[in-house]
Amino acid sequence: MNKNTSATKVIVPCRFSYLHCWEPDSVNGGDPKYSVSAIVPKSDTKTVEAIKAAIEQAKKDSASKWGGKIPANLKTPLRDGDIDRPEDEAYKGCYFFNANSRQAPQVVDGKVQPILDQSEVYSGCYGRVSVTFYGYNSNGNRGVAAGLGNIQKLKDGEALGGRSRATDDFGTAEDEDFLG
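When we follow our numbering, the leftmost residue of the sequence shown carries the number 4, and every step to the right adds one.
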(Lines of atoms letter the chains of each structure in order from A and count residues from 1; the text may use other names and numbers.)
(Lines give C-alpha, C1' and ligand atoms only; values in the text may rest on other atoms or scores of the structure.)
Protein backbone atom coordinates (compact mmCIF):
# COMPACT_ATOMS: atom_id res chain seq x y z
CA MET A 1 0.00 0.00 0.00
CA ASN A 2 1.28 3.45 -0.88
CA LYS A 3 1.00 5.85 2.04
CA ASN A 4 2.40 8.77 0.03
CA THR A 5 1.22 12.15 1.30
CA SER A 6 3.54 14.56 -0.52
CA ALA A 7 3.48 15.64 -4.16
CA THR A 8 7.28 15.31 -4.28
CA LYS A 9 7.43 11.84 -2.69
CA VAL A 10 7.12 8.74 -4.87
CA ILE A 11 7.15 5.02 -4.10
CA VAL A 12 9.13 3.59 -7.01
CA PRO A 13 9.06 -0.08 -8.08
CA CYS A 14 12.52 -0.74 -9.51
CA ARG A 15 15.62 -2.88 -9.75
CA PHE A 16 18.39 -1.91 -7.35
CA SER A 17 21.87 -1.13 -8.66
CA TYR A 18 24.93 0.32 -6.91
CA LEU A 19 23.06 -0.39 -3.68
CA HIS A 20 24.56 0.91 -0.43
CA CYS A 21 21.80 0.41 2.14
CA TRP A 22 23.81 -1.15 4.99
CA GLU A 23 26.93 1.04 5.03
CA PRO A 24 27.29 4.56 3.63
CA ASP A 25 29.60 4.99 0.66
CA SER A 26 31.77 7.97 -0.21
CA VAL A 27 31.84 9.09 -3.85
CA ASN A 28 34.86 11.11 -5.04
CA GLY A 29 35.89 11.89 -1.46
CA GLY A 30 32.49 13.36 -0.56
CA ASP A 31 30.44 12.76 2.56
CA PRO A 32 29.52 9.08 3.01
CA LYS A 33 25.88 8.43 2.08
CA TYR A 34 23.46 5.54 1.75
CA SER A 35 22.43 5.26 -1.88
CA VAL A 36 20.84 3.33 -4.71
CA SER A 37 20.56 3.62 -8.45
CA ALA A 38 16.89 2.84 -9.10
CA ILE A 39 16.31 1.25 -12.53
CA VAL A 40 12.77 1.65 -13.90
CA PRO A 41 11.65 0.06 -17.20
CA LYS A 42 10.48 2.62 -19.76
CA SER A 43 7.43 0.40 -20.24
CA ASP A 44 6.30 1.24 -16.67
CA THR A 45 4.73 4.49 -17.85
CA LYS A 46 2.68 4.94 -14.67
CA THR A 47 5.81 5.02 -12.48
CA VAL A 48 7.78 7.13 -14.98
CA GLU A 49 4.96 9.72 -15.10
CA ALA A 50 4.75 9.78 -11.28
CA ILE A 51 8.50 10.44 -11.08
CA LYS A 52 8.31 13.21 -13.70
CA ALA A 53 5.35 14.83 -11.90
CA ALA A 54 7.21 14.76 -8.57
CA ILE A 55 10.27 16.35 -10.20
CA GLU A 56 8.08 19.09 -11.72
CA GLN A 57 6.49 19.74 -8.32
CA ALA A 58 9.94 19.91 -6.69
CA LYS A 59 10.93 22.52 -9.30
CA LYS A 60 7.87 24.64 -8.47
CA ASP A 61 8.39 24.24 -4.72
CA SER A 62 12.06 25.24 -5.03
CA ALA A 63 11.77 28.28 -7.33
CA SER A 64 12.54 30.57 -4.37
CA LYS A 65 15.99 28.93 -4.12
CA TRP A 66 16.65 29.98 -7.70
CA GLY A 67 15.66 33.65 -7.55
CA GLY A 68 11.92 33.08 -7.93
CA LYS A 69 12.02 31.27 -11.27
CA ILE A 70 12.93 27.84 -12.58
CA PRO A 71 16.27 27.94 -14.45
CA ALA A 72 16.27 26.67 -18.04
CA ASN A 73 19.40 24.52 -17.60
CA LEU A 74 18.32 22.83 -14.38
CA LYS A 75 19.85 19.42 -13.60
CA THR A 76 17.26 16.71 -12.98
CA PRO A 77 17.85 13.19 -11.64
CA LEU A 78 15.87 11.06 -14.14
CA ARG A 79 18.22 9.74 -16.82
CA ASP A 80 17.85 7.52 -19.87
CA GLY A 81 19.80 4.25 -19.55
CA ASP A 82 19.99 3.84 -23.34
CA ILE A 83 21.81 7.19 -23.59
CA ASP A 84 23.76 7.47 -20.32
CA ARG A 85 24.66 3.77 -19.83
CA PRO A 86 24.53 2.21 -23.34
CA GLU A 87 27.16 -0.42 -22.47
CA ASP A 88 25.29 -1.69 -19.38
CA GLU A 89 22.68 -4.36 -20.20
CA ALA A 90 20.84 -3.78 -16.88
CA TYR A 91 19.97 -0.21 -17.96
CA LYS A 92 18.82 -1.09 -21.50
CA GLY A 93 15.24 0.06 -22.16
CA CYS A 94 15.11 1.77 -18.77
CA TYR A 95 15.24 5.09 -17.01
CA PHE A 96 17.21 5.44 -13.79
CA PHE A 97 17.97 7.90 -11.03
CA ASN A 98 20.36 7.93 -8.11
CA ALA A 99 18.92 8.55 -4.65
CA ASN A 100 20.91 9.06 -1.47
CA SER A 101 20.67 10.04 2.18
CA ARG A 102 22.95 10.64 5.15
CA GLN A 103 20.49 8.62 7.28
CA ALA A 104 20.29 4.85 6.92
CA PRO A 105 17.12 3.67 5.20
CA GLN A 106 14.89 1.13 6.84
CA VAL A 107 15.09 -2.07 4.81
CA VAL A 108 12.00 -4.30 4.83
CA ASP A 109 10.51 -7.28 3.01
CA GLY A 110 7.18 -7.58 1.20
CA LYS A 111 5.34 -7.89 4.52
CA VAL A 112 7.07 -4.73 5.82
CA GLN A 113 9.17 -6.77 8.27
CA PRO A 114 12.78 -5.63 8.84
CA ILE A 115 15.40 -7.54 6.85
CA LEU A 116 18.32 -8.34 9.12
CA ASP A 117 20.35 -10.59 6.82
CA GLN A 118 22.35 -8.12 4.74
CA SER A 119 22.96 -10.69 2.00
CA GLU A 120 19.21 -10.71 1.23
CA VAL A 121 19.27 -7.22 -0.33
CA TYR A 122 21.80 -6.62 -3.10
CA SER A 123 22.40 -4.89 -6.41
CA GLY A 124 20.23 -6.75 -8.91
CA CYS A 125 17.24 -7.61 -6.73
CA TYR A 126 13.86 -5.95 -7.17
CA GLY A 127 11.70 -3.91 -4.84
CA ARG A 128 10.48 -0.44 -4.09
CA VAL A 129 12.15 2.70 -2.80
CA SER A 130 10.53 5.72 -1.22
CA VAL A 131 12.06 8.85 -2.72
CA THR A 132 11.51 12.55 -2.12
CA PHE A 133 12.56 14.92 -4.88
CA TYR A 134 13.85 18.34 -3.81
CA GLY A 135 15.55 21.37 -5.30
CA TYR A 136 19.08 22.43 -4.46
CA ASN A 137 21.32 25.45 -5.06
CA SER A 138 24.86 24.68 -3.95
CA ASN A 139 28.12 26.25 -5.10
CA GLY A 140 26.56 27.47 -8.33
CA ASN A 141 25.00 24.09 -9.10
CA ARG A 142 21.22 24.11 -9.32
CA GLY A 143 18.89 21.23 -9.84
CA VAL A 144 16.55 18.62 -8.44
CA ALA A 145 17.91 15.67 -6.47
CA ALA A 146 16.39 12.45 -5.13
CA GLY A 147 16.45 11.85 -1.39
CA LEU A 148 16.41 8.18 -0.40
CA GLY A 149 13.79 7.24 2.17
CA ASN A 150 13.30 3.51 2.71
CA ILE A 151 13.81 0.28 0.79
CA GLN A 152 11.47 -2.68 0.35
CA LYS A 153 12.81 -5.86 -1.26
CA LEU A 154 10.15 -7.78 -3.19
CA LYS A 155 12.01 -10.42 -5.21
CA ASP A 156 15.42 -11.78 -6.11
CA GLY A 157 17.16 -11.00 -9.37
CA GLU A 158 20.45 -11.70 -11.09
CA ALA A 159 23.17 -10.04 -9.03
CA LEU A 160 24.81 -7.06 -10.71
CA GLY A 161 28.49 -6.23 -10.42
CA GLY A 162 29.88 -9.71 -10.95
CA ARG A 163 29.07 -11.07 -7.49
CA SER A 164 27.28 -14.38 -7.24
CA ARG A 165 25.22 -15.66 -4.33
CA ALA A 166 26.45 -18.68 -2.35
CA THR A 167 23.15 -20.49 -3.02
CA ASP A 168 23.85 -20.20 -6.75
CA ASP A 169 27.46 -21.41 -6.42
CA PHE A 170 27.04 -24.41 -4.13
CA GLY A 171 24.81 -27.40 -3.56
CA THR A 172 24.37 -28.77 -0.05
CA ALA A 173 27.42 -30.60 1.33
CA GLU A 174 25.67 -33.99 1.46
CA ASP A 175 25.06 -33.74 -2.31
CA GLU A 176 28.74 -34.21 -3.03
CA ASP A 177 31.51 -36.60 -2.08
CA PHE A 178 33.67 -34.05 -0.25
CA LEU A 179 37.34 -34.71 -1.03
CA GLY A 180 36.44 -38.37 -1.34
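For glycine and all other residues, C-beta sits at the position ideal for the given N, C-alpha and C. Quick caveat: nothing in here was measured; it's all calculated off a predicted structure.
Would Val110 and Cys24 qualify as a contact pair, given that the criterion is a beta-carbon distance under 8 Å?
yes
Got a sec? Which residues, its chain only, sit under 7 Å from Glu161 by beta carbon, not counting five neighbours each side?
Gly127
Give me the residue from Arg131, Val147, Pro108 with the minimum Cα distance to Leu11.
The sequence given here has Thr at residue 11, not Leu. Thr11 has its Cα closest to that of Val147, out of Arg131, Val147, Pro108.
Using a threshold of 7 Å, is the CB atom of Gly146 nearer than that to any non-hydrogen atom of the ligand FMN?
Among the components modelled here there is no ligand, and therefore nothing to report on the ligand FMN.
Is Cys17 closer than 8 Å to Ile42 when the C-beta atoms are compared?
yes
Once you ignore the five residues that flank Pro117 on each side, which residues in its own chain have a CB closer than 8 Å to its CB?
Gln109, Val110, Val111
Spatial distance of Gly164 from Lys49 (CA atoms):
28 Å
Can you find a C-beta in chain D that's less than 8 Å from the C-beta of Ile58?
Absent here is chain D; the protein component of the structure consists of one chain.
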